[in-house]
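Structure, as structure tokens:
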Amino acid sequence: MDKKNRDLNYSIYPSDKNIHPKSFTPDYRSSIFRSPKKTPVSIENIISDLSGHIFEKNDLGSLDNDLTKNYCKNSEPIGERIIIFGKVLDENSKPIPNCLIEIWQANSSGRYRHNGDNYNAPLDPSFGGWGRCLTDDNGNYFFKTIKPGAYPWPNGGNNWRPAHIHFSVFGLSFLQRLITQMYFEGDPLISICPIAQSINNKNALESLISKLDLSKSVHMDYRAYKFDIILRGEKSIPFENRI
Amino acid sequence: MRTTKILKQTPSQTAGPYLHIGCIPHKIGINSSFSNDLNNLVLSNETKGSRIEIYGKIYDGNNDIVKDALVEIWQVDFNGHYKSRVNNNSKSDPNFNNWGRTTCDLETGLWQFHTIKPGIIKLTNRKILAPHIWLWVVARGINIGLFTCMYFCDEKNLNLLDCNLKKISNSTNIKSLIADKVEDHKYEFNIYLQGDKETVFFDI
Numbered sequence: 001m002d003k004k005n006r007d008l009n010y011s012i013y014p015s016d017k018n019i020h021p022k023s024f025t026p027d028y029r030s031s032i033f034r035s036p037k038k039t040p041v042s043i044e045n046i047i048s049d050l051s052g053h054i055f056e057k058n059d060l061g062s063l064d065n066d067l068t069k070n071y072c073k074n075s076e077p078i079g080e081r082i083i084i085f086g087k088v089l090d091e092n093s094k095p096i097p098n099c100l101i102e103i104w105q106a107n108s109s110g111r112y113r114h115n116g117d118n119y120n121a122p123l124d125p126s127f128g129g130w131g132r133c134l135t136d137d138n139g140n141y142f143f144k145t146i147k148p149g150a151y152p153w154p155n156g157g158n159n160w161r162p163a164h165i166h167f168s169v170f171g172l173s174f175l176q177r178l179i180t181q182m183y184f185e186g187d188p189l190i191s192i193c194p195i196a197q198s199i200n201n202k203n204a205l206e207s208l209i210s211k212l213d214l215s216k217s218v219h220m221d222y223r224a225y226k227f228d229i230i231l232r233g234e235k236s237i238p239f240e241n242r243i
Numbered sequence: 244m245r246t247t248k249i250l251k252q253t254p255s256q257t258a259g260p261y262l263h264i265g266c267i268p269h270k271i272g273i274n275s276s277f278s279n280d281l282n283n284l285v286l287s288n289e290t291k292g293s294r295i296e297i298y299g300k301i302y303d304g305n306n307d308i309v310k311d312a313l314v315e316i317w318q319v320d321f322n323g324h325y326k327s328r329v330n331n332n333s334k335s336d337p338n339f340n341n342w343g344r345t346t347c348d349l350e351t352g353l354w355q356f357h358t359i360k361p362g363i364i365k366l367t368n369r370k371i372l373a374p375h376i377w378l379w380v381v382a383r384g385i386n387i388g389l390f391t392c393m394y395f396c397d398e399k400n401l402n403l404l405d406c407n408l409k410k411i412s413n414s415t416n417i418k419s420l421i422a423d424k425v426e427d428h429k430y431e432f433n434i435y436l437q438g439d440k441e442t443v444f445f446d447i
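In order, the protein sequences belong to chains V and X.
Quick note on the numbering used here: the first sequence kicks off at 1 and runs consecutively.
Quick note on the numbering used here: the second sequence kicks off at 244 and runs consecutively.
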């Protein structure tokens, strides 16, 4: 065993089957033909060392985490001004610093700035709908944005997505990679959304619902919602099978 | 050091159809305010190893091509090393980044990477992992990101020794993990989400 490589041999707790949605959730129509039918094969996670891709501060622009300013510098977008903030932690409650978070969302009327979105609601000339940031040394992140609107979507019925923001999170290891969606507390559409309800665990779904936190609001400007993100944790005992 | 799990994982949700604007806007020609896409599998002239192109398409259970997926790859350098975040003495190639990502072409569904052929990973007890590239796929309709692993058809002998492939029972579709060599340095790796050819996905 090369002592120098000892650090590389930590492994990661498995993906929690009780928390994540199943692949096949037919109420969400798109999953019907895009869900593998076979159980994934479990293997020892040789690649689970701490060698995930490293992003650096100068990979990002100074306004990348301010969606109220990062698309149009001359005027501000229309909608409810909010801050989304929280921590990225692992299951051991260890903060994850320097973690890249990317978000994307509809504007305040429920329209994405994407060629695939042809909802009638208007685009906002001052709003792009994307942002990214790195967590600080204590795992903290924040975005300034506009609260996204709900929108109808084709799923075979009268389906409306609750207001949500997409999150892409990197962690320290490729195995911690996560894409998810954040909702807003009090939204009556959450309980009838087939995508939100693909999570068959009340507490797990609850953990995707951000909570109003006035203590972090900016006086007379932004109100704040808190959303913590928990990634698969490192097992502390190294498995020493790598040369 | 002992740790205990005290928090619950945040559940996954589908990336939906509009992931491009958040993850890889320039790739599909969106006039983004981001100065760059973060898809850092950058090969410089100094990167060591044999240049290869890998590409493929993703098929759903109707045999329709999935055109809206995001594909990320993760691989060792030419010499079998990942870059280390914690170890400055890492033997890895400083000019190779291990990670890259792209999206399927919105019209053809084709994804492709220009990278280097990964080396062999040597484990203890003379065990090895044959050259391979991990892929992670997300898209509308995929509730949790799918991990699969691409091996090379021109590494038959090493593939037989690979300790992950050895664990896969004969009944599973091992063939689905072996990329075809189309020409020198060019490999095709199609992914089948369902059906007779369903790709082997991993819980790692």
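Heads up, the beta-carbon is just placed ideally off N, CA and C, and yes, glycines get one too.
According to DSSP, residues forming a beta bridge with glutamate 189 of chain X: Outside the displayed span of chain X (244 to 447) sits residue 189 of chain X, for which this structure offers no information.
May I ask you to report which of helix, strand or coil DSSP gives cysteine 193 of chain V? coil
Quick one: which chain X residues come within Cβ less than 8 Å of histidine 114 of chain V? Pro260, Tyr261, His263, Ile264 and Ile273
Stretch-stretch touch, CB-based, cutoff 8 Å, three pairs: the region 59-70 of chain V with the region 128-135 of chain V: yes
The region 93-111 of chain V / the region 157-171 of chain V touching (three or more Cβ pairs under 8 Å): yes
Need the endpoints of the alpha helix (DSSP H) that aspartate 403 of chain X sits in, please. Residue identity differs from the one stated: residue 403 of chain X is leucine in this sequence, not aspartate. Counting along the chain, the alpha helix (DSSP H) containing leucine 403 of chain X begins and ends at 399-404.
Check the Cβ-Cβ distances between asparagine 70 of chain V and every residue of chain X, and say whether any is below 7 Å. yes
Buried/exposed call for isoleucine 249 of chain X, threshold 16 Cβ in 10 Å: exposed
Own chain, CB closer than 6 Å to phenylalanine 445 of chain X, minus 5 neighbours either side, in chain order: Phe390
Chain X partners of lysine 144 of chain V, CB-CB under 8 Å? Within chain X, no residue comes near lysine 144 of chain V; the closest Cβ sits about 14 Å away, beyond 8 Å.
If you reduce the DSSP assignment to three classes, tell me which class histidine 269 of chain X lands in. helix
Against chain X, does tryptophan 160 of chain V count as a neighbour if the rule is that its beta carbon must be under 7 Å from one of theirs? no
Continuous alpha helix (DSSP H) stretch holding lysine 275 of chain V: start and end: Outside the modelled stretch of chain V, which goes from 1 to 243, sits residue 275 of chain V, for which no answer is possible.
Please report the residue range of the beta strand (DSSP E) in which glycine 131 of chain V lies. 130-134
CB-CB under 6 Å to proline 26 of chain V, same chain, minus the five flanking residues each way: which ones, in chain order? Ile32
Any residues in the region 176-191 of chain V with a beta carbon nearer than 8 Å to a beta carbon of chain X? Which ones, in chain order? Arg177, Leu178, Ile179, Thr180 and Gln181
Please report the residue range of the beta strand (DSSP E) in which glycine 171 of chain V lies. Taken as a continuous stretch (DSSP letters only), glycine 171 of chain V belongs to no beta strand (DSSP E), as it is neither H nor E.
Whole-angstrom distance between leucine 313 of chain X and histidine 263 of chain X, CA atom to CA atom: 8 Å
Quick check on histidine 219 of chain V: buried or exposed, where buried means 16 or more other Cβ atoms within 10 Å of its Cβ? By the 10 Å Cβ count, histidine 219 of chain V comes out exposed.
Is cysteine 396 of chain X helix, strand or coil when you go by DSSP? DSSP places cysteine 396 of chain X in helix when its eight states are reduced to three.
Output the distance between the C-alpha atoms of cysteine 347 of chain X and glutamate 296 of chain X, rounded to the nearest integer angstrom. 15 Å
Mind checking which residues open and close the beta strand (DSSP E) that includes isoleucine 84 of chain V? 81-90
If you pair each beta-carbon of the region 284-292 of chain X with each one of the region 309-326 of chain X, do three or more pairs fall below 8 Å? yes
With DSSP collapsed to three states, give me the class of aspartate 59 of chain V. Aspartate 59 of chain V falls in the helix class under three-state DSSP.
Span of the beta strand (DSSP E), counted from its first residue to its last, around isoleucine 417 of chain X: Here isoleucine 417 of chain X belongs to no beta strand (DSSP E), and DSSP marks it neither H nor E.
Option nearest tryptophan 342 of chain X by Cα separation, candidates V:Gln197, V:Glu185, V:Lys22 and V:Leu172: For the residues V:Gln197, V:Glu185, V:Lys22 and V:Leu172, the minimum Cα distance to tryptophan 342 of chain X belongs to V:Leu172.
Which whole runs of the alpha helix (DSSP H) in the region 93-131 of chain V are 4 residues long or more, in chain order? With a minimum length of 4 residues, no continuous alpha helix (DSSP H) run stays inside the region 93-131 of chain V.
Taking only the alpha-carbon atoms, compute the straight-line gap between serine 419 of chain X and lysine 22 of chain V and give it to the nearest angstrom. Rounded to the nearest angstrom, the two C-alpha atoms are 22 Å apart.
Helix or strand or just coil, what does DSSP make of histidine 164 of chain V? Histidine 164 of chain V falls in the strand class under three-state DSSP.
Exposed or buried, what is glutamate 185 of chain V when buried is set at 16 or more other beta-carbons lying within 10 Å of its beta-carbon? Its Cβ having fewer than 16 others within 10 Å, glutamate 185 of chain V is exposed.
Could you give the DSSP three-state label for histidine 263 of chain X: helix, strand or coil? Looking at histidine 263 of chain X - three-state DSSP - the assignment turns out to be helix.
Beta carbon of isoleucine 229 of chain V, beta carbon of lysine 147 of chain V: below 7 Å? no
Taking 7 Å as the CB-CB limit, is glycine 61 of chain V close to chain X? yes
Using a cut-off of 9 Å between C-beta atoms, extract the partners of isoleucine 230 of chain V located in chain X. Leu250, Lys251, Gln252 and Thr253
When DSSP labels each residue in this structure, what does arginine 294 of chain X get in the three-state scheme? Look at arginine 294 of chain X here: in three-state DSSP terms it is strand.
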